[in-house]
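Numbering (the working numbering), first residue to last: 457 to 822.
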Ligand code: F6R
């Protein structure tokens, strides 16, 4: 069932062009100038009264939430709090019928996420679930569901499900903004064209797997790995660091690039590795100045950058380039090299890639 791949994780990484296509294109029919979300029944009237959004989830799914926060706030102009479910549920959050909660879950069974959902429903909030497992508890208990069509994910570390969650979040953010008149039809058509190109662009990143394997071999002995970025790249850095921790068992930390100098830079030594995410090009110069500070203190720098950005090649030790797309969608493409990098480090260290120690696929205990 691994279809010739050494591990389920690698198979699932390589399934991503199809998963991205399956999650996006049925919702973007070319004969309608709109996003069609069959299972979302929230009326325009309810949406117009929403004055606050919580995106609640655990682990990797919570990083989809952070991406969602950046996107929804920027394009729909509604305040969004993205939070892990295990904190949210215990802090007496302020919820009412003008609150929208978006829960994100691959399994649809995560105990803390489910508890957060129930809290929101009890307070009269509207709940939309972004869920992979059809018929799961969260999919049944949410008011509406937006299914990610990733298919079953066998490897414990989430890869294709996360990419599908990002796609669902892109659709939902754009849909909300359109309903509120914040994105015009013309802008939508531009975005739709970009979305249609994403599966092939994911394929282009996958073609670099052998090169990324060489980089994994080069950096396999790194002691501390820092993932940094700003804005959407900061959200991407969180997923990169988690993947390295859970399957490679390397100490990895994500930081907002601007925070480094407020403490963590003291940890930088000769054998540190910095993964610098630079796809958020509006803030490129700022992130580059943070990268330079770290490099000057002895760390090696592996950058993930957008194709055609020659500047970064002069600063970083190595660069992995990903295709350009609309700024809203760079997170998906930038994350794929992080998955492959973590995978090959894990393989190189002889770890049990598909079943990392101490972890379970579905966390149904609190
Ligand atoms: C990491 C990973 C976990 C899950 C988390 C939430 O690779 O898989 O962090 O993302 O346990 O699980 P779901 O999405 O099933 O609610």
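Cβ coordinates follow ideal geometry from the N, Cα and C atoms, glycine included.
Evaluate the contact criterion for the segment 481 to 495 versus the segment 521 to 539: three or more CB pairs, one atom per stretch, below 8 Å. no
DSSP state of residue 693, grouped into three classes? Translated into the one-based positions of the chain shown, residue 693 becomes position 237. Of the three classes helix, strand and coil, the one that applies to residue 693 here is helix, per DSSP.
Taking the beta carbon of residue 482 as the centre, do at least 16 other beta carbons fall within 10 Å, making it buried, or is it exposed? To locate residue 482, count along the chain shown from 1; it is residue 26. Residue 482 should be labelled exposed.
Can you tell me the Cα-Cα spacing of residue 753 and residue 726, whole angstroms? Start at 1 with the first residue of the chain shown, and residue 753 comes out as number 297. Start at 1 with the first residue of the chain shown, and residue 726 comes out as number 270. Each residue's Cα considered, the two are about 7 Å apart.
Exposed or buried, what is residue 718 when buried is set at 16 or more other beta-carbons lying within 10 Å of its beta-carbon? Numbered from its first residue, the chain shown carries residue 718 at position 262. Burial call: exposed.
With hydrogens ignored, establish whether the beta-carbon of residue 566 is closer than 7 Å to any heavy atom of the ligand F6R. Within the chain shown, the letter at position 110 stands for residue 566. Yes, the Cβ of residue 566 comes within 7 Å of a heavy atom of the ligand F6R.
List in chain order: all unbroken alpha helix (DSSP H) runs of 4+ residues lying wholly within the segment 611 to 673. Fully enclosed alpha helix (DSSP H) runs of 4 or longer: 616 to 635, 641 to 662.
Proximity test, residue 562 beta-carbon vs the ligand F6R heavy atom, cut-off 7 Å: Reading the chain shown from its first residue, position 106 is the one you call residue 562. Yes.
Between residue 739 and the rest of its own chain, which residues show a CB-CB distance below 7 Å, the 5 nearest in sequence each way excluded? Counting from one through the chain shown, the residue named residue 739 turns up at place 283. Cβ neighbours of residue 739 beyond the five flanking positions: 686, 687.
Would you say the beta carbon of residue 539 comes nearer than 7 Å to a heavy atom of the ligand F6R? Translated into the one-based positions of the chain shown, residue 539 becomes position 83. Flag unset: Cβ of residue 539 not near the ligand F6R.
Report yes if the C-beta of residue 543 is less than 7 Å from at least one heavy atom of the ligand F6R; otherwise report no. The sequence position of residue 543 within the chain shown is 87, counting from 1. Flag unset: Cβ of residue 543 not near the ligand F6R.
At a cut-off of 7 Å, would you count residue 598 as near the ligand F6R, judging by its Cβ distance to the nearest heavy atom? Indexing the chain shown from 1 puts residue 598 at position 142. The answer is no for residue 598.
Could you check where the alpha helix (DSSP H) with residue 524 kicks off and where it finishes? As a position in the chain shown, residue 524 is number 68, starting the count at 1. That run of the alpha helix (DSSP H) goes 515 to 532.
Starting from residue 804, follow the beta strand (DSSP E) in both directions and report where the run begins and ends. In the chain shown, counting from the first residue as 1, residue 804 sits at position 348. Premise fails: residue 804 lies in the alpha helix (DSSP H), 786 to 804, not in any beta strand (DSSP E).
Leaving out the 5 sequence neighbours to the left and right, which residues in its chain are closer than 8 Å to residue 643 when beta-carbon positions are compared? As a first step, residue 643 must be located in the chain shown, where it is residue number 187. Within its own chain, no residue has a Cβ closer than 8 Å to the Cβ of residue 643 once the five positions on either side in sequence are excluded.
With a CB to CB cut of under 6 Å and the five nearest residues on each side skipped, what residues in its chain are close to residue 772? Locating residue 772 in the chain shown gives position 316, where the first residue counts as 1. Same-chain partners within the cutoff: 757, 759.
State yes or no: is the C-beta of residue 532 within less than 8 Å of the C-beta of residue 640? Translated into the one-based positions of the chain shown, residue 532 becomes position 76. Translated into the one-based positions of the chain shown, residue 640 becomes position 184. No.
Based on Cα-Cα distance, which residue from 722, 676, 506, 522 lies nearest to residue 450? Outside the shown range of the chain, which is 457 to 822, sits residue 450, and nothing can be said about it.
Counting only the same chain and skipping the five closest in sequence on each side, list residues whose C-beta sits under 6 Å from that of residue 716. Locating residue 716 in the chain shown gives position 260, counting from the first residue. Leaving aside the five residues that flank residue 716 on each side, the residues in its chain whose CB is nearer than 6 Å to its CB run, in chain order, 746.
Out of curiosity, what's the CA-to-CA distance linking residue 590 and residue 607? In the chain shown, the residue the question calls residue 590 occupies position 134. In the chain shown, the residue the question calls residue 607 occupies position 151. When rounded, the distance between both Cα atoms is 9 Å.
Got a sec: does the ligand F6R put a non-hydrogen atom nearer than 7 Å to the Cβ of residue 590? Translated into the one-based positions of the chain shown, residue 590 becomes position 134. Not so, every heavy atom of the ligand F6R lies at least 7 Å from the Cβ.
Run the proximity test for residue 696: is its beta-carbon closer than 7 Å to any non-hydrogen atom belonging to the ligand F6R? Along the chain shown, read from residue 1 onward, the residue named residue 696 stands at position 240. Flag unset: Cβ of residue 696 not near the ligand F6R.
From residue 463 to residue 627, what does the alpha carbon distance come to, in whole angstroms? Position 7 of the chain shown, counted from the first residue, corresponds to residue 463. Position 171 of the chain shown, counted from the first residue, corresponds to residue 627. C-alpha separation (whole angstroms): 31 Å.
Quick one: using the 10 Å Cβ neighbour count with 16 as the cut-off for buried, is residue 645 buried or exposed? As a first step, residue 645 is located in the chain shown; it is residue number 189 there, counting from the start. The residue in question, residue 645, is exposed, as its Cβ has fewer than 16 Cβ neighbours within 10 Å.
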